[in-house]
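Colleague:
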Amino acid sequence: GDIAEVSKGDIEADDYYVRGDFIGKQGVERSYEKQLRGEKGVEILLRDARGRIQGRYMDGKYDKTPVPG
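Per the UniProt record's numbering, the very first residue in the sequence shown carries number 1; after that it's consecutive.
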């Protein structure tokens, strides 16, 4: 199989991807892309008026740990 950086078309077709992500393009990697990619995590941060991080929203209650594929 083969992997490559996602194209504009890949991003438009599946909102899971952002610029800089990699995707299975051929073979086993393409066939099992959704299983191999895992799940992205989420971290919600509080920032002050100058954009400096002040901490995690609700002490991380709504954060989600990424899951490897």
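Note that beta-carbon positions come from the ideal geometry of N, C-alpha and C, so glycine has one too.
Here the structure is a predicted model, which means the values were calculated and not measured.
If I'm right that D63 touches R56 with Cβ under 8 Å, what's the distance once you round it to whole angstroms?
Modeller: 7 Å
Colleague: Restricting to runs no shorter than 3 residues, where is the beta strand (DSSP E) found entirely within the UniProt domain "Penicillin-binding protein dimerisation" (1-54)?
Modeller: Entirely contained in the UniProt domain "Penicillin-binding protein dimerisation" (1-54), the beta strand (DSSP E) runs reaching 3 residues are, in chain order, 2-5, 22-26, 45-47.
Colleague: Within the same chain, show all residues whose beta-carbon is closer than 7 Å to that of D10, passing over the 5 residues directly before and after it, in chain order.
Modeller: Y17, I23, listed in sequence order.
Colleague: Tell me, which residues are paired with K64 by DSSP?
Modeller: V42
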